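Trainee: Protein chains in written order, with the working numbering: chain Y, 1 to 565; chain E, 1001 to 1565.
Don't be surprised by glycine CBs; every beta carbon is placed ideally from N, CA and C.
This structure is a prediction, so every number in the text was calculated from the model and none was measured.
Here it is: the structure, laid out below.
There are 2 protein chains.
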Amino acid sequence: MANKYLVIGGVACGPKVAARLRRLDLDAEITIIEKGEILSYGGCGMPYYISDEVHDIKELWSTPVGVPRDVHFFKNVKNIEIMDRTLAQKINRLEKKVEVVKLESGEKMEISYDKLILAVGGTPIEPSIPGKDLNNVYKLNHPYDAEAIKRAVDSGTIKNAVIVGGGLIGLEVAESLTKHGIKVTIVEMLDKVLPKMFDIEMASLLMEDMRTNGVDVLVKNKVLSFEGDDQGNLKAVITEQGTIEAELALISVGVKPNSKLALEAGLEITENGAIKVNNYLQTTDPDIYAGGDCIDNYHLLFRKRVYTPLGDLANIHGRIIANNIAGIKEEFPGILGTTICKVFNFNAGSIGLTEDKARELNYDVVTVIAPGPDKAHFYPTAKTIFIKLVGNKKDGKILGAQIVGPGDVAKRLNMLSLGLYYGITAKEMAKMDLAYAPPFAPAMDNLITAANIMQNKIDGLAKSISMLDVREKLKNKEDFVLLDVRSPKEIEEISLPYKNVVYIPLGMLRQKYKELPRDKEIIIFCKISLRGYEAQRILEEKGFTNVKFMDGGIVSWLFERNIKK
Amino acid sequence: MANKYLVIGGVACGPKVAARLRRLDLDAEITIIEKGEILSYGGCGMPYYISDEVHDIKELWSTPVGVPRDVHFFKNVKNIEIMDRTLAQKINRLEKKVEVVKLESGEKMEISYDKLILAVGGTPIEPSIPGKDLNNVYKLNHPYDAEAIKRAVDSGTIKNAVIVGGGLIGLEVAESLTKHGIKVTIVEMLDKVLPKMFDIEMASLLMEDMRTNGVDVLVKNKVLSFEGDDQGNLKAVITEQGTIEAELALISVGVKPNSKLALEAGLEITENGAIKVNNYLQTTDPDIYAGGDCIDNYHLLFRKRVYTPLGDLANIHGRIIANNIAGIKEEFPGILGTTICKVFNFNAGSIGLTEDKARELNYDVVTVIAPGPDKAHFYPTAKTIFIKLVGNKKDGKILGAQIVGPGDVAKRLNMLSLGLYYGITAKEMAKMDLAYAPPFAPAMDNLITAANIMQNKIDGLAKSISMLDVREKLKNKEDFVLLDVRSPKEIEEISLPYKNVVYIPLGMLRQKYKELPRDKEIIIFCKISLRGYEAQRILEEKGFTNVKFMDGGIVSWLFERNIKK
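Written out as structure tokens, the structure reads:
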């Protein structure tokens, strides 16, 4: 008799399970229950529909050759039955049946299964802010939301928008709305956007770029209420830091796993509120599997489960679930927290542990900030990226990285994804045989340079201080020398306005080092920090003992600066 | 007493050794001997100077902040002595001295060393073709060559050019010259360009694109002689296949290691003609190290040494040599043959074993050709890449990959670089936690899809045939069905003009499969091959037993086609 596979959820993981199962088990009866009517859509594409980069929202649920993945597609191509506009209400595990209700007719029925797959996704967290039901206060969880936001934008009545929450979706939509000439303000409770991805100095680089692009980024701020006009349309957002006029708001403060159905069926739920699965993505009922945004994932570096609702993971889950059901035993190894987004001309990505997280986990942390061109510096399309590496001093292993800038971030993150999976050390990374030609990378890839600096720090050759610590010293009016070793031309463009600053270009340092005091701490900086390191070694050669360079150089310095207009 | 380090060669590896040694050994005396007068230049950038993308050739030897790395730079910044225009003539290993001659004055002198570093590079192979000394017959090995070619181009007298050799430099310069409106013909002896990097079908995709961009690519052809006018200027290139009018020619048939100096000093030379080094990059004399283009490298997959003169490896060598000299023991692990180039709007890269090479090494080979968009297909800047994976059926390990197309090739190559280093299998690759957002990748990265197809083939689920084999069957007028499962709209755009072709769109196959003969071999194709695989499984479900799909789909088919104008 044919196997009966029942999938609840028709967006990402569910259709992947069904499609793979079809190819593995040619005779099976496969059914997907979906409460909505749009199937298999790329939710991550919604900000690009709002921005008009994707012109037809149907592209989000069409195949690359333009065939919509609708009920007919699944029937004709995949021989998969879709019950859309159908809500799963209860799982009867004893009888292996699911009670469903057809949302249009109210008709109830029971569907039996041999194996059940829960791919029920997540739901946006809705903070209980007064006024959140006003017109033009949105969430962005479904193509209908995207269409509603787009209609509001196209109506021409939106001049100002507030985005509640500085997460991935919030930042992407900030760009989408700005492209329509709307003034956007982001209100974030914590001290930075993308707080799980970035330490403060890296988030600051991104926030600075967003501000340059016209977005107001308000941190350590909280929305208190939404205020409407007499037609019930949003007109202002009241925050702790003041009132912001706005005709549109997006609430985007995170997602939580949909685990109610599983919980009511007696399946175990994790401390993240997700459906508990083992490495085979099997729930505590061996005939029920779960994947996608309703489960959490084992983080290989956090060494615990975290909730990371991401479309690419949902696809990987789907295939693994189908394999296990069809008898190809396969484990999901876990994740590294790889995350990326594009915000205006900045790419911003993160993997593994941030410095904050690594310290919280009691690692003996070493960090590097390495800015540089992403291609041979003479190649015309070279653009800057800032890499922050977080490493373990004890064994030289790379624990995480944060990369931001207009240059190619995704390439370096993906290398690190494989590297971190295999426990790569800085020394190993520095010797990788990478693809080099001037249009693609510097002769020494940014990641190789960063790894070399990390190893130099571990070996005690390179001695650095973070810009935050330098800033602190300046605030406290400590007596030290801030040695700028850049060229006069560079200094004319941008310089630091502190009385501690002394100028000696690197090329003159071997002649002029005697002008520096031997009894004071000397902190050197240049544009990015490579000359700073060089200068540190020169001064040590000359017998100076209290010398460091400032990580990241002046390009990473976001405090007081003199900039030539 | 201070250590005396003597480096011969001032281009890539040499200066890297010297600079790193300076930072490791603050008191050392470090000298570089260089026969030319330009130091530390990025030779790989020369094609972009010829094309006018790099406007000032000095950029190739300047730091990212524009400081030329000349004798003064090395003296003032690095405290490294440069003896330029100085030729090393003999190594006296017993006395640890090198005999040099100042090229301008003819003055001879001896320089002693504690450690000697040979970074003497490679020399272009000069085939003995009659007429190769005519005016405007060039090689491209030094910035002076690039300047000479550029001057010829700028003179406006060059209408046609011939490039002898379809290697990396030849292809890059073909683009550079075409950008100036020059008609370029490449003459390659073998059956394809970049023969070490690509199997024939992948090289063909690249050659097709080059032809579209106006370059004549002649393969299996040989230059017999260069013919000049009465002023000694090139006017034609005589080849086995005929005469090509040309006012400029570039001979670019490869590079050989400069090992004469080492050989004469009694150092061992490898079968590649390179200076023999151990894993610490030490020659057979423990006080002499060698790196860069004068040595060969251990290829981790070939399991033997190969000659791979590349700028990025020279830099890695340099650092390792300095570390070992300074007492930080460090091995060079070997290479994977990672190579990439940009040719017009195609990026073309390769790593590990080609199919041809893997078969030569007696692997039980499985291959995949996976074309697809490099970003979410709905994202406006998505561009196609074609991935060919070569794998080992026995253990599922990926042995190599070739990637070409206008999309992002470097990212996938670099992932594979780490993957191949660690012996990754297709199954592992398919579960990597990569950086996904629509502007960067499809939800399932192209490499994940390719890895999944590879595993499906190993598991016997996916059954394919190469386009070359299909072509052979057609030539032999074999009786089989070539089933096109694309949509009518796609077929209108491009189709295959053979009587074997039968059209049934994938969505109709479950209804119309009875129209297909059960007694004939059925070979299915679609645009890229994913629907072909789907169709294979459908027909198997319906009881067909002799069904395959064609790898790479119609987008990879470069033979007879009907294309809508």
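Could you check whether E1147 (chain E) and F378 (chain Y) sit closer than 8 Å to each other, using their CB atoms as the reference points?
Mentor: The sequence position of residue 378 (chain Y) within the first sequence is 378, counting from 1. The sequence position of residue 1147 (chain E) within the second sequence is 147, counting from 1. No; because the gap between Cβ atoms is not below 8 Å, this pair is not in contact.
Trainee: Quick one: which chain Y residues come within Cβ less than 7 Å of V1343 (chain E)?
Mentor: Reading the second sequence from its first residue, position 343 is the one you call residue 1343 (chain E). The contacting residues do not exist; V1343 (chain E) stays about 10 Å from chain Y at best.
Trainee: I'd like the span of the beta strand (DSSP E) that includes G1242 (chain E), first residue to last.
Mentor: Residue 1242 (chain E) sits at position 242 when you count from the first residue of the second sequence. Residues G1242 to E1245.
Trainee: Sorted by chain position, which residues of the same chain lie with C-beta nearer than 8 Å to A1028 (chain E)'s C-beta, five sequence neighbours on each side aside?
Mentor: Sequence index remark: in the second sequence, residue 1028 (chain E) carries index 28 (1-based). Once the five neighbours on either side are set aside, the close Cβ partners of A1028 (chain E) are A1002, N1003, K1004, Y1005, L1021 and R1022.
Trainee: Quick one: residues in its chain with C-beta nearer than 6 Å to the C-beta of M197 (chain Y), no 5 flanking neighbours on either side, listed in chain order?
Mentor: Sequence index remark: in the first sequence, residue 197 (chain Y) carries index 197 (1-based). Excluding residues within five positions, the ones whose Cβ falls inside 6 Å are T339 and S350.
Trainee: Along the chain, where does the beta strand (DSSP E) that runs through P518 (chain Y) open and close?
Mentor: Counted from its first residue, the first sequence places residue 518 (chain Y) at position 518. Note on identity: in this sequence residue 518 (chain Y) is Arg, with Pro being the wrong assignment. Per DSSP, R518 (chain Y) belongs to no beta strand (DSSP E) and is neither H nor E.
Trainee: Closer than 8 Å by beta-carbon distance: list the chain Y residues that pair up with R979 (chain E), in chain order.
Mentor: Because chain E spans 1001 through 1565 in this model, residue 979 (chain E) falls outside it and cannot be assessed.
Trainee: Below 8 Å on C-beta distance, what does L1415 (chain E) contact in chain Y?
Mentor: In the second sequence, counting from the first residue as 1, residue 1415 (chain E) sits at position 415. Contrary to the premise, residue 1415 (chain E) reads as Met rather than Leu in this sequence. Simply N414, M415, S417 and L418.
Trainee: With a Cβ-Cβ cutoff of 8 Å, do I111 (chain Y) and V101 (chain Y) count as a contact?
Mentor: By 1-based counting over the first sequence, the position of residue 111 (chain Y) is 111. By 1-based counting over the first sequence, the position of residue 101 (chain Y) is 101. Going by C-beta atoms, I111 (chain Y) is not nearer than 8 Å to V101 (chain Y).
Trainee: Whole-angstrom Cβ separation of A451 (chain Y) and M429 (chain Y), contact assumed at under 8 Å?
Mentor: Translated into the one-based positions of the first sequence, residue 451 (chain Y) becomes position 451. Translated into the one-based positions of the first sequence, residue 429 (chain Y) becomes position 429. That pair is a contact at about 4 Å.
Trainee: Can you tell me where the alpha helix (DSSP H) holding N1315 (chain E) begins and where it ends?
Mentor: Numbered from its first residue, the second sequence carries residue 1315 (chain E) at position 315. Segment G1311 to I1325, the alpha helix (DSSP H) holding N1315 (chain E).
Trainee: Is D293 (chain Y) helix, strand or coil when you go by DSSP?
Mentor: Position 293 of the first sequence, counting from 1, holds the residue named residue 293 (chain Y). D293 (chain Y) falls in the helix class under three-state DSSP.
Trainee: For T449 (chain Y), which three-state DSSP category applies?
Mentor: As a position in the first sequence, residue 449 (chain Y) is number 449, starting the count at 1. If DSSP states are grouped into helix, strand and coil, T449 (chain Y) belongs with the helices.
Trainee: In its own chain, which residues sit with a C-beta less than 8 Å from the C-beta of K1222 (chain E), not counting the 5 before and 5 after it?
Mentor: As a working mapping, residue 1222 (chain E) is identified with position 222 in the second sequence. Counting only Cβ-Cβ distances below 8 Å, and skipping sequence neighbours, we find V1187, M1189, T1239 and E1240.
Trainee: In three-state DSSP terms, what is M197 (chain Y)?
Mentor: As a working note, residue 197 (chain Y) is residue 197 in the first sequence. Residue state, collapsed to three classes: coil.
Trainee: Pick from E:G1167, E:L1177, E:Y1138 and E:D1296: whose alpha carbon is nearest that of V1153 (chain E)?
Mentor: The residue labelled residue 1153 (chain E) in the question sits at position 153 within the second sequence. It is E:L1177 whose Cα lies nearest to the Cα of V1153 (chain E).
Trainee: Tell me the DSSP bridge mates of H1299 (chain E)?
Mentor: On the second sequence, residue 1299 (chain E) is found 299 positions in, with the first residue counted as 1. Beta-bridge pairing links H1299 (chain E) to E:K1304 and E:I1335.
Trainee: Take M1083 (chain E) and list the residues in its own chain whose beta-carbon comes closer than 6 Å to its own, dropping the five residues that flank it on each side.
Mentor: Residue 1083 (chain E) sits at position 83 when you count from the first residue of the second sequence. Cβ within range, chain order: I1033.
Trainee: At a Cβ cut of 7 Å, what residues of the region 1038 to 1063 of chain E count as close to chain Y, listed as they run along the chain?
Mentor: Within the region 1038 to 1063 of chain E, the qualifying residues are G1042, C1044, G1045, Y1048, E1053, V1054, E1059 and L1060.
Trainee: Measure the alpha-carbon distance for G419 (chain Y) versus I522 (chain Y) and round it to whole angstroms.
Mentor: As a position in the first sequence, residue 419 (chain Y) is number 419, starting the count at 1. As a position in the first sequence, residue 522 (chain Y) is number 522, starting the count at 1. The alpha-carbon atoms of G419 (chain Y) and I522 (chain Y) are separated by roughly 36 Å.
Trainee: How would you write the range of the beta strand (DSSP E) that G372 (chain Y) sits in, first residue to last?
Mentor: Taking the first residue of the first sequence as 1, we reach residue 372 (chain Y) at position 372. Per DSSP, G372 (chain Y) belongs to the beta strand (DSSP E) from V365 to P373.
Trainee: Around the Cβ of K109 (chain Y), are there at least 16 other Cβ atoms within 10 angstroms (buried) or fewer (exposed)?
Mentor: The residue you call residue 109 (chain Y) lines up with position 109 of the first sequence. Position check: residue 109 (chain Y) holds Met in this sequence, whereas Lys was assumed. So M109 (chain Y) counts as exposed.
Trainee: Does the distance from the C-beta atom of I117 (chain Y) to that of Y298 (chain Y) stay below 8 Å?
Mentor: Position 117 of the first sequence holds residue 117 (chain Y). Position 298 of the first sequence holds residue 298 (chain Y). Not a contact, by the Cβ cut-off of 8 Å.
Trainee: Residues in the same chain with beta-carbon distance under 6 Å from L1558 (chain E), minus the five sequence neighbours each way, listed in chain order, please.
Mentor: Residue 1558 (chain E) sits at position 558 when you count from the first residue of the second sequence. Closer than 6 Å at the Cβ level, and outside the excluded window around L1558 (chain E), lie S1204 and E1208.
Trainee: Hey, quick one: how far does the alpha helix (DSSP H) through G1405 (chain E) stretch, first residue to last?
Mentor: Here the question's residue 1405 (chain E) lines up with position 405 in the second sequence. Careful: G1405 (chain E) lies outside any alpha helix (DSSP H), inside the beta strand (DSSP E) at I1398 to G1405.
Trainee: Looking at C-alpha atoms only, which residue of Y:I494, Y:K542, Y:V255 and Y:G407 is the closest neighbour of R561 (chain Y)?
Mentor: One-based indexing of the first sequence puts residue 561 (chain Y) at position 561. Minimum Cα distance to R561 (chain Y) is reached at Y:I494.
Trainee: Would you call K1564 (chain E) buried or exposed, if buried means 16 or more other Cβ atoms sit within 10 Å of its Cβ?
Mentor: One-based indexing of the second sequence puts residue 1564 (chain E) at position 564. So K1564 (chain E) ends up on the exposed side.
Trainee: Measure from the alpha carbon of N414 (chain Y) to the alpha carbon of each residue in Y:P406, Y:G106, Y:R537 and Y:L434, then state which is nearest.
Mentor: In the first sequence, the residue the question calls residue 414 (chain Y) occupies position 414. Nearest of Y:P406, Y:G106, Y:R537 and Y:L434 to N414 (chain Y), Cα basis: Y:L434.
Trainee: Determine, for S487 (chain Y), whether the minimum Cβ-Cβ distance to residues of chain E falls below 8 Å.
Mentor: Position 487 of the first sequence holds residue 487 (chain Y). Chain E contact via Cβ: present.
Trainee: My parser needs the beta strand (DSSP E) runs of 3 or more residues fully inside the region 120 to 186 of chain Y; what are they?
Mentor: You should have 122 to 124 and 160 to 164.
Trainee: Within 8 Å (strictly less), CB to CB, does R471 (chain Y) reach chain E?
Mentor: Along the first sequence, one-based indexing puts residue 471 (chain Y) at 471. It does not; no Cβ of chain E falls within 8 Å.
Trainee: Rounded to a whole number of angstroms, what is the C-alpha to C-alpha distance between S1155 (chain E) and A1161 (chain E)?
Mentor: For this step, residue 1155 (chain E) is matched to residue 155 along the second sequence. For this step, residue 1161 (chain E) is matched to residue 161 along the second sequence. About 14 Å.
Trainee: With DSSP run on the structure shown, which of helix, strand or coil describes M1189 (chain E)?
Mentor: Position 189 of the second sequence, counting from 1, holds the residue named residue 1189 (chain E). Coil.
Trainee: Should P505 (chain Y) be labelled buried (16 or more other beta-carbon atoms within 10 Å of its own) or exposed?
Mentor: Here the question's residue 505 (chain Y) lines up with position 505 in the first sequence. P505 (chain Y) is buried by the Cβ-count criterion.
Trainee: Closer than 8 Å by C-beta to L1103 (chain E): which residues in its own chain qualify, once you throw out the five before and the five after it? Chain order, please.
Mentor: The residue you call residue 1103 (chain E) lines up with position 103 of the second sequence. Cβ neighbours of L1103 (chain E) beyond the five flanking positions: K1035, R1085, T1086 and L1087.
Trainee: Can you check which of these residues, Y:F302, Y:I328 and Y:I335, is closest to A314 (chain Y) by C-alpha distance?
Mentor: Reading the first sequence from its first residue, position 314 is the one you call residue 314 (chain Y). It is Y:I335 whose Cα lies nearest to the Cα of A314 (chain Y).
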